[in-house]
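Numbered by our numbering, the letters in the sequence shown go through residues 26 to 305 in order.
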Amino acid sequence: MIIFSSTTRLWICLAAAFAGLFVLAGSAAAATSEWAVNEGGRMRLVALPPDAAGKVRAGLQIEPLPGWITYWREPGNNGIPPQITVAPDSGVSLTNISYPVPKHISQDGISDIGYDGAVTLPLEFTEARPGGAAALKVTAFIGLCKQICIPFQAELSLKLPEAAQSMPEEEAILQAATAALPANPAPDFKVLAHSLSPDGKHLSLKLALPQQGAAKPDVFVTGPSGYLFWAQKDTKLDAGVYETDITIGKLPKNYDPKGKTWGLLVVDGSRSMETTLAFD
């Protein structure tokens, strides 16, 4: 089977048992798929009617069981990010996937970035021909972790509702998911300066901070694909200006950040801000 040791946190893959983790969740009467279930939790697809331009607002609902977690878009070395693949015969393409603000979670001395409760990932699909798609069919692949971590893959499908239908339950689910997304920079919450040390081992940040939290903010930096950094040192807060150095671990061999863009998420109490860092 495929497990994730709580001691070493290494994924061990034995393909023979992977089929047992693959779940089919067919279409339900409403604009939700059936729940796909495994021992660590469940997930399903939710959607609203396509708009006049063929855009479909949807969401992947994930509900880990108590004590279990699932992962953010960049889980670091320990986990796997959510992956969504659209069935070729769906007549739609996945044009955007968004991620609510994650948490820094510590389990058995291991740090993870993700969610330890129910979360809905907002999705946007686009019809190849407006009005031409009757159903939404995807394969979703996530990780669920407790003492062991189990890859969870399921086929999820639903019948797309007609545009005239009222969908209060689905609307509420997707509105709540959108409200949980990080905000854009604001005058009191933004990057004032950033620089990478010549040896590439530290990223210095100067931030305008709303000072919502009693503790120092969480800072998550996403570098090249698959690389996540959050360890802070030399922090300083003065009159709403926060300075910190983020320790940058090993980067890909011969990686040159010049001309590249990294991601930044800052969580300060009840507020969050997401932006990008460009390296000239």
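Every residue, glycine too, gets a C-beta built ideally from N, C-alpha and C.
Three-state secondary structure (DSSP) of residue i
i, result
"A143", "coil"
"S115", "helix"
"Y252", "coil"
"Y267", "strand"
"S182", "strand"
"A188", "coil"
"Q257", "strand"
"E149", "strand"
"Q236", "coil"
"L295", "Strictly speaking, residue 295 in this sequence is Ser, with Leu absent from that position. Looking at S295 - three-state DSSP - the assignment turns out to be coil, as it is neither helix nor strand."
"L276", "coil"
"N103", "coil"
"A159", "coil"
"G92", "coil"
"S136", "strand"
N-terminal and C-terminal residue of the alpha helix (DSSP H) that residue i is part of
i, result
"L199", "P193 to A204"
Residue i to residue j span [Cα, whole Å]
i, j, result
"Y280", "L253", "15 Å"
"R69", "S58", "6 Å"
"F214", "E268", "13 Å"
"A83", "L73", "6 Å"
"S297", "A211", "10 Å"
"E152", "P186", "14 Å"
Unbroken beta strand (DSSP E) run spanning residue i, endpoints
i, result
"G284", "Counting along the chain, G284 falls outside any beta strand (DSSP E), and DSSP gives it neither H nor E."
"G66", "G66 to A72"
"Q172", "Note, Q172: premise wrong, no beta strand (DSSP E); not H, not E."
"L230", "H227 to A233"
"F245", "D243 to T247"
"G84", "K80 to P89"
"S131", "K128 to Q132"
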